[in-house]
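Trainee: Structure provided below as structure tokens; questions to follow.
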Amino acid sequence: MNVLPFQVVQNEPLLKARGVTIDYQSDRGTVRATHDVSFEVWRGDRFVLLGPSGCGKSTLLKAVGGFIAPRAGSLQLDGKPILKPGPDRIVVFQEFDQLPPWKTVKQNVMFPLLAGGTPKKEAEARAMDWLAKVGLAPFADAYPHTLSGGMKARVAIARALAMQPEILLMDEPFAALDALTRRRMQEELHALWEENPFTMLFVTHSIEEALVVGNRILLLSPHPGRVRAEINSHQFGLHSAGGAEFQATASRIHKLLFGEGAAHVEETLPAGRVVQS
Amino acid sequence: MSVNANLKWEPPVRPEYEVPLEARPAAAHGAGMPAAGVVAPVSPLQRLAQAGWLRKSILLLVIAALWEAMARWTDNDLLLPGFVQTAKALVEGTVSGELPGYIGVSLAVLLQGYLAGVAGAFLLTTLAISTRVGRDLLETLTAMFNPLPAIALLPVALLWFGLGKGSLIFVLMHSVMWPLALNTYAGFRSVPDTLRMAGRNYGLGNVRMVTQILIPAALPAILSGLKIGWAFAWRTLIAAELVFGTTSGKGGLGWYIFQSRNELFTDKVFAGLAAVILIGLLFENIVFQQVERLTVRRWGMQR
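Here it is, written out as structure tokens:
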């Protein structure tokens, strides 16, 4: 398997997106999801894609996952172009049905390992190790439908991290959770990263979540998704939420995304611009 | 404080308070389940009322009693033998080995036709999920043949395969294949996108995608298709046997019913019908329910 990030310190970005333009087909014609988006993710980054709905952040993440091919531009992981989905880029989805319901918690974590050809014994040991890290070892033999939303999210994260991917792709993983659980998951994710640093690309539409979870934030404006700014947030953690600097950055992001004093303009805009029909 | 003039009563500001959390009650601690919180267990009477088999058995007993009363009131063995008489004929037929022989013949043919139908359905759905032509083919063929009663094909089958097992298997296959293919295909199509993407994410190939993601995820639909197919096959078989009777000297249950009617043993006709129903119930309750309990219900995909 691949080595842990930081053991080999390369002075090179891990993920390079160059002028990525993504179109998708809808009933109304071809819709542009993102336009000429470039960014770089370095090893150990907690890189956040932040923007309102319609800014193409999830589409961008799926392109990095290899599920969607960009119309123009290039996506490179470790110098190699991204052409199709692969186990070096494991996605944690928002939906709870990402866990096959016919597999127990442990089998769920083992599943991608076994699919990748890891011997059963080793897969089991690794699965139990990661389940213990997310605090779910007592539920190893439970079926997903008996778990709460937060526990399902933990299983998905354990499953992804057990694969030790080059980069972890998280597509609004906590958006379907209640506010209290979401806060706790952000905390736990941060603790996991401190303990065992990994590279992460995290999609969210919550400014607060972006500041708390990420160390660098790419702001995207909607219809179509274009880069608005790139902001550092490594100085913030859960403890700093509510602090003066935190608030100042949050309102700066708000202004960048929505313009001065225009908080709800985006709702009046059409859902997507048709570029060809 | 008169910001809201419409407010008639101003709620008073009450003192705040905090309560120290005590240890949880003993009942919630047991069994290691978090937040079990069972305050009162289910009483035995409630449990009995919840048992489906008991309620259904009582219902069956009532129906049997009504039937028996009706038969005694009519008092005509030739038209309507009672429950007791039918039961007696059923037991006698079973003990003498006559009925099990017929059932054996029927089941053997049924199983062959059923398996052929299942194989056909899986072939068709595999084509349908892998190619566009296959999908069009499945949609067109099921739209054409699903409404066509299998028994209507029997004359053609007799022409092609002669008076024997071949034509029976042909109509059975027809009765199983279309509903099963339709259900399986619908099941495959309703597999969540997230699950498919997760499968692709782990680098599963086409075959493993089908066996490890699509089939388990579509299992509720596949099982219901298998159940419908089973019932359709049973009806088709009995009807077909009624129409052309024996196959190479050995008759099935349908033939038994037909023959008993010719000889005016109405109780035996009823015993034959009862046997058909009993076997149907047996398969539904033992085979299919067990499979469901071990799979889709355990996984929380079906209640």
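So the protein lines, in turn, are chains X and G.
Take 1 as the starting number for the first sequence in the numbering used here and just add one per residue.
Take 1 as the starting number for the second sequence in the numbering used here and just add one per residue.
We put the beta carbon where it would ideally sit given N, CA and C, even for glycine.
1) Which residues in chain G sit within 9 angstroms of Gln289 (chain X), going by Cβ to Cβ distance?
2) Chain A beta carbons: is any one of them nearer than 8 angstroms to that of Ile167 (chain X)?
3) Within the same chain, show all residues whose beta-carbon is closer than 8 angstroms to that of Val20 (chain X), passing over the 5 residues directly before and after it, in chain order.
4) Which of helix, strand or coil does DSSP assign to Arg297 (chain G)?
5) Jot down the residue ranges of each uninterrupted alpha helix (DSSP H) in the segment 27-102 of chain X, minimum 4 residues, whole runs only, in chain order.
6) Would you call Asp23 (chain X) buried or exposed, if buried means 16 or more other Cβ atoms sit within 10 Å of its Cβ?
7) Is the beta carbon of Glu202 (chain X) sitting closer than 8 angstroms to the one on Met170 (chain X)?
8) Under 9 angstroms, CB to CB, which of the residues in the segment 200-211 of chain G have a partner in chain X?
9) Inspect the beta-carbon positions of Asp178 (chain X) and Thr194 (chain G) and report whether they are closer than 8 angstroms.
10) Buried or exposed: Leu223 (chain G), going by 16 or more other Cβ atoms within 10 Å of its Cβ?
11) When the cut-off is 8 angstroms and only beta carbons count, does Tyr143 (chain X) lie next to chain G?
12) If we require 4 or more residues per run, which alpha helix (DSSP H) segments fall completely within the segment 92-137 of chain G?
13) Where do the ends of the beta strand (DSSP E) carrying Asn232 (chain X) lie?
14) So, for Pro224 (chain X): in the same chain, excluding its five sequence neighbours on each side, which residues have a beta-carbon less than 7 angstroms away from its beta-carbon?
15) DSSP on Tyr256 (chain G), reduced to helix/strand/coil?
16) Under 8 angstroms, Cβ to Cβ, is there at least one residue of chain X near Pro216 (chain G)?
17) For the segment 265-285 of chain G against the segment 79-99 of chain X, are there 3 or more C-beta pairs whose distance is under 8 angstroms?
18) Given Met144 (chain G), which residues of its chain have a CB within under 6 angstroms of its CB, disregarding the five upstream and five downstream residues?
19) Nearer than 7 angstroms: is that true of the beta carbon of Glu284 (chain G) relative to any heavy atom of the ligand HEM?
20) Just to confirm before moving on: does the CB-CB distance between Gly214 (chain X) and Arg46 (chain X) stay below 8 angstroms?
21) Quick check on Arg47 (chain G) - is its C-beta less than 8 angstroms from some C-beta in chain X?
22) Can you tell me where the beta strand (DSSP E) holding Ser221 (chain X) begins and where it ends?
23) Say whether chain X places a C-beta atom closer than 8 angstroms to the C-beta of Gly300 (chain G).
24) Find out if the Cβ-Cβ distance for the pair Gly203 (chain G), Ala115 (chain X) is shorter than 8 angstroms.
25) Excluding the 5 residues preceding and the 5 following Leu99 (chain X) in the sequence, name in chain order all residues of the same chain whose CB lies nearer than 7 angstroms to its CB.
26) Report the residues of the segment 79-107 of chain X with a CB closer than 7 angstroms to any CB of chain G, ordered along the chain.
27) Which stretch, first to last residue, makes up the beta strand (DSSP E) that contains Phe202 (chain X)?
28) Listing by chain order, which chain G residues have their CB less than 7 angstroms from the CB of Gly65 (chain X)?
29) Given this structure, state the Cα-to-Cα distance separating Leu147 (chain X) from Phe174 (chain X), to the nearest angstrom.
30) Identify the continuous alpha helix (DSSP H) that holds Ile253 (chain X) and give its terminal residues.
31) In chain G, what lies closer than 9 angstroms to Ala127 (chain X) by C-beta?
32) Bridge partners for Val20 (chain X) per DSSP, in chain order?
33) Out of G:Met301, G:Ala239 and G:Phe244, point me to the one whose CA is closest to Leu273 (chain G)'s CA.
34) Just to confirm, are Leu14 (chain X) and Leu77 (chain X) a CB contact at a threshold of 8 angstroms?
35) Show which residues of chain G have a CB atom less than 9 angstroms away from the CB atom of Gly116 (chain X).
36) Ends of the beta strand (DSSP E) at Leu168 (chain X)?
Mentor: According to the structure shown:
1) Only positions 1 to 277 of chain X appear in this structure, which leaves residue 289 (chain X) out of reach.
2) Going by chain labels, chain A is absent from the structure shown, which instead holds the protein chains X and G.
3) Translated into positions along the first sequence, residue 20 (chain X) becomes position 20. Cβ within range, chain order: Thr34, Asp36, Val37, Ser38, Leu60, Ala63, Pro70, Ala72, Gly73, Ser74 and Leu75.
4) Here residue 297 (chain G) refers to the residue found at position 297 when the second sequence is read from its first residue. Arg297 (chain G) carries a coil assignment under DSSP once its states are collapsed to helix, strand and coil.
5) Correct list: 57-65.
6) The sequence position of residue 23 (chain X) within the first sequence is 23, counting from 1. Around the beta-carbon of Asp23 (chain X), 16 or more other beta-carbon atoms lie within 10 Å, marking it buried.
7) Indexing the first sequence from 1 puts residue 202 (chain X) at position 202. Indexing the first sequence from 1 puts residue 170 (chain X) at position 170. Here residue 202 (chain X) turns out to be Phe, not Glu, going by the sequence shown. Taking 8 angstroms as the Cβ cut-off, Phe202 (chain X) and Met170 (chain X) qualify as a contacting pair.
8) Residues of the segment 200-211 of chain G whose Cβ lies closer than 9 angstroms to any Cβ of chain X, in chain order: Arg200, Asn201, Tyr202, Gly203, Leu204 and Arg208.
9) Translated into positions along the first sequence, residue 178 (chain X) becomes position 178. Translated into positions along the second sequence, residue 194 (chain G) becomes position 194. Using a Cβ distance threshold of 8 angstroms, Asp178 (chain X) and Thr194 (chain G) do not count as a contacting pair.
10) For the purposes of this step, residue 223 (chain G) is identified with residue 223 of the second sequence, where counting begins at 1. Leu223 (chain G) should be labelled buried.
11) In the first sequence, counting from the first residue as 1, residue 143 (chain X) sits at position 143. Contact with chain G is found for Tyr143 (chain X), since one of that chain's Cβ atoms lies less than 8 angstroms from the residue's Cβ.
12) Whole alpha helix (DSSP H) segments, 4+ residues: 98-130.
13) Here residue 232 (chain X) refers to the residue found at position 232 of the first sequence. Residues Arg226 to Asn232.
14) Residue numbering aside, residue 224 (chain X) sits at position 224 when the first sequence is read from its first letter. So the list reads Arg32, Ala33, Thr34, His35, Gly56 and Arg273, once near-sequence residues are dropped.
15) Position 256 of the second sequence holds residue 256 (chain G). Helix, per DSSP.
16) Along the second sequence, read from residue 1 onward, the residue named residue 216 (chain G) stands at position 216. Contact with chain X is found for Pro216 (chain G), since one of that chain's Cβ atoms lies less than 8 angstroms from the residue's Cβ.
17) In the pairwise beta carbon analysis, the segment 265-285 of chain G is classified as not touching the segment 79-99 of chain X: fewer than three pairs are separated by under 8 angstroms.
18) In the second sequence, counting from the first residue as 1, residue 144 (chain G) sits at position 144. Hits under 6 angstroms: none found.
19) Only the bare structure without any ligand can be found here, which leaves the ligand HEM out of the picture.
20) Against the first sequence, residue 214 (chain X) aligns to sequence position 214. Against the first sequence, residue 46 (chain X) aligns to sequence position 46. Less than 8 angstroms separates the beta-carbon of Gly214 (chain X) from that of Arg46 (chain X).
21) As a first step, residue 47 (chain G) must be located in the second sequence, where it is residue number 47. Between Arg47 (chain G) and chain X, the shortest Cβ-Cβ separation is not below 8 angstroms.
22) As a working mapping, residue 221 (chain X) is identified with position 221 in the first sequence. Counting along the chain, the beta strand (DSSP E) containing Ser221 (chain X) begins and ends at Arg216 to Ser221.
23) Your numbering for residue 300 (chain G) matches position 300 in the second sequence. Cβ-Cβ to chain X under 8 angstroms: yes for Gly300 (chain G).
24) Along the second sequence, one-based indexing puts residue 203 (chain G) at 203. Along the first sequence, one-based indexing puts residue 115 (chain X) at 115. Against a cut-off of 8 angstroms, the Cβ pair of Ala115 (chain X) and Gly203 (chain G) comes out as a contact.
25) Locating residue 99 (chain X) in the first sequence gives position 99, where the first residue counts as 1. For Leu99 (chain X), where only same-chain residues beyond five positions count, the Cβ hits under 7 angstroms are Asn108, Pro144, Lys152, Val155 and Ala156.
26) For the segment 79-107 of chain X, residues whose beta-carbon sits nearer than 7 angstroms to a beta-carbon of chain G comprise Pro85, Gly86, Pro87, Ile90, Val91, Phe93, Glu95, Asp97, Gln98, Pro100, Pro101 and Trp102.
27) Stepping through the first sequence from its first residue, residue 202 (chain X) is reached at position 202. Unbroken beta strand (DSSP E) run through Phe202 (chain X): Met200 to Thr204.
28) Reading the first sequence from its first residue, position 65 is the one you call residue 65 (chain X). Annotation: Cβ neighbours of Gly65 (chain X) in chain G (cutoff 7 angstroms, chain order): Asn201.
29) The sequence position of residue 147 (chain X) within the first sequence is 147, counting from 1. The sequence position of residue 174 (chain X) within the first sequence is 174, counting from 1. Going by the C-alpha atoms only, they are around 15 angstroms apart.
30) As a working mapping, residue 253 (chain X) is identified with position 253 in the first sequence. Counting along the chain, the alpha helix (DSSP H) containing Ile253 (chain X) begins and ends at Ala244 to Phe258.
31) Sequence index remark: in the first sequence, residue 127 (chain X) carries index 127 (1-based). Simply none; closest approach about 14 angstroms.
32) For this step, residue 20 (chain X) is matched to residue 20 along the first sequence. Val20 (chain X) is bridged to X:Val37.
33) On the second sequence, residue 273 (chain G) is found 273 positions in, with the first residue counted as 1. With distances taken between Cα atoms, Leu273 (chain G) lies closest to G:Ala239.
34) Taking the first sequence and counting its residues from 1, the one referred to as residue 14 (chain X) is at position 14. Taking the first sequence and counting its residues from 1, the one referred to as residue 77 (chain X) is at position 77. For the 8 angstroms CB-CB criterion, Leu14 (chain X) and Leu77 (chain X) form a contact.
35) For this step, residue 116 (chain X) is matched to residue 116 along the first sequence. Under the 9 angstroms cutoff, chain G gives Tyr202 and Gly203.
36) Looking up residue 168 (chain X) in the first sequence gives position 168. The continuous beta strand (DSSP E) containing Leu168 (chain X) extends over residues Ile167 to Asp171.
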